[in-house]
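Asks: Questions regarding the structure given below will be posed in turn.
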Amino acid sequence: MIKKIGFGVIISLVLLLLQIGWITGIIILSIIIAAQEIYSLAYLQRNRIDWKNVVFTELGGIIVYGISYFL
Numbered sequence: 087m088i089k090k091i092g093f094g095v096i097i098s099l100v101l102l103l104l105q106i107g108w109i110t111g112i113i114i115l116s117i118i119i120a121a122q123e124i125y126s127l128a129y130l131q132r133n134r135i136d137w138k139n140v141v142f143t144e145l146g147g148i149i150v151y152g153i154s155y156f157l
């Protein structure tokens, strides 16, 4: 789970560094964040006790969104 979040953050930072474009970058970031949300929800359905992964997913999404917003 944490590896997936790190992978998403790395992809988003690379896209921002390459300056593909604001609209394209925001769309791709939204897809990455949505994929993490869906994965965390599916994970919760299987293991209802493990909330740490969901918290890490939310924090990862917020950090990525904040970086993309302020740059």
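Oh and the sequence shown: position 67 is 153 in our numbering, straight run, nothing missing. Built from N, CA and C at the ideal position, the CB exists for glycine as well. For clarity, every value in this text was computed on a predicted model and none was experimentally measured.
Between Met87 and Ile112, what straight-line distance do the alpha-carbon atoms span, to the nearest angstrom?
Replies: As a working mapping, residue 87 is identified with position 1 in the sequence shown. As a working mapping, residue 112 is identified with position 26 in the sequence shown. Low confidence applies to Met87: its pLDDT is 45, below 50, so where it sits in the model is not reliable enough to give any reading.
Asks: For Ile124, count neighbouring Cβ atoms within 10 angstroms of its own Cβ and tell me buried if that reaches 16, exposed if not.
Replies: To locate residue 124, count along the sequence shown from 1; it is residue 38. With fewer than 16 Cβ atoms within 10 Å of its Cβ, Ile124 is classed as exposed.
Asks: Excluding the five sequence neighbours on either side, which residues of its own chain have a C-beta within less than 7 Å of the C-beta of Ser116, listed in chain order?
Replies: By one-based count along the sequence shown, residue 116 stands at place 30. If we look at Ser116 and ignore the five residues flanking it on each side, it has no Cβ neighbours.
Asks: Less than 8 Å between the CB atoms is what I'm expecting for Ile119 and Gly147, so what's the real figure, rounded?
Replies: Residue mapping note: residue 119 aligns to position 33 of the sequence shown, counting from 1. Residue mapping note: residue 147 aligns to position 61 of the sequence shown, counting from 1. Correct: roughly 4 Å between the Cβ atoms.
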